[in-house]
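The structure under discussion appears below in the form of structure tokens.
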Amino acid sequence: MAAHGPYRIVILGGGTAGWMCASGLSGLLAAADYDITLIESDEIATVGVGEATLPHIKTFNDMIGIDEAEFMRETAGTIKLGIEFVDWLRPGARYIHPFGTFGDRWTNADFQHHWARARLAGTDSRSLQDYSALR
Ligand SMILES: Cc1cc2nc3c(=O)[nH]c(=O)nc-3n(C[C@H](O)[C@H](O)[C@H](O)COP(=O)(O)OP(=O)(O)OC[C@H]3O[C@@H](n4cnc5c(N)ncnc54)[C@H](O)[C@@H]3O)c2cc1C
0 MAAHGPYRIV ILGGGTAGWM CASGLSGLLA AADYDITLIE SDEIATVGVG
50 EATLPHIKTF NDMIGIDEAE FMRETAGTIK LGIEFVDWLR PGARYIHPFG
100 TFGDRWTNAD FQHHWARARL AGTDSRSLQD YSALR
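Residue numbers (numbering that gives the first Met the number 0): 0 to 134.
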């Protein structure tokens, strides 16, 4: 039992933020000590767009015991590895921003630091994008 509980937590809004907050709190807090209520409106719709997430969503899902395969099936989700930017810097330019790292971390530094050092030293003229698995 919490020192001064049970506590009442009210979450206003039943969109992405509200339901993630409610599921996160109910996964972490002892049910006997906290009463969680979510209030949503039947008249005001959620923004209702596709939600891309980053790999950290798995940490959140694991925390509240969501099975990833079931989650993907029930939400009709797809695996998204990055976003392609076409004609972003200049016409004809193409860049994929990956939802992850470019390479392995070694000697206590992320890959891009080794890439930048080699590039500045003139020993590697390739772009960072050349090292992306999504090229
Ligand atoms: C085109 C587009 C693409 C996007 N893509 C991404 C993406 O890829 N990844 C990502 O993370 N984010 C994305 N976002 C942002 C993301 O969709 C929103 O930030 C997120 O959905 C907001 O969640 P929310 O719970 O705050 O709001 P909503 O999902 O809009 O929910 C609001 C809730 O509050 C309730 N409410 C409102 N007023 C009241 C009231 N007076 N009383 C009671 N209930 C009320 C509503 O009924 C609803 O349930 C995108 C947004 C847009 C517009």
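For every residue, glycine included, the Cβ atom is placed at its ideal position computed from N, Cα and C.
None of the values given here were measured: they were computed from a predicted structure.
With respect to the C-alpha of His96, the residue from Leu28, Glu42, Tyr130 having the closest C-alpha is Tyr130. Between the C-alpha atoms of Ala92 and Glu39 there is a straight-line separation of about 44 Å.
Each residue's CA atom was taken as its position, placing Leu127 and Asn107 some 19 Å apart.
Excluding its 5 nearest sequence neighbours in each direction, Trp87 has C-beta neighbours in its own chain below 7 Å: Tyr94, listed in chain order. Taking the Cα positions, Lys57 is about 8 Å away from Glu67. Around Asp103, the same chain offers Phe110 as residues with beta carbons nearer than 7 Å, after the five sequence neighbours per side are excluded. When Cβ pairs closer than 8 Å are counted between the two stretches, the segment 7–22 is seen to touch the segment 44–51, the count reaching three or more. Distance check between Gly99 and each of Ala115, Val9, Ile82, Trp114 places Ile82 closest, using alpha-carbon atoms only. Bridge pairing for Trp105: Ala108 [DSSP].
The shortest CA-to-CA distance from Ala30 to any of Ile10, Leu37, Met19, Tyr6 is the one to Tyr6. Counting only residues of its own chain and dropping the five nearest sequence neighbours on each side, Met62 has a CB closer than 8 Å to the CB of Gly23, Gly26, Leu27.
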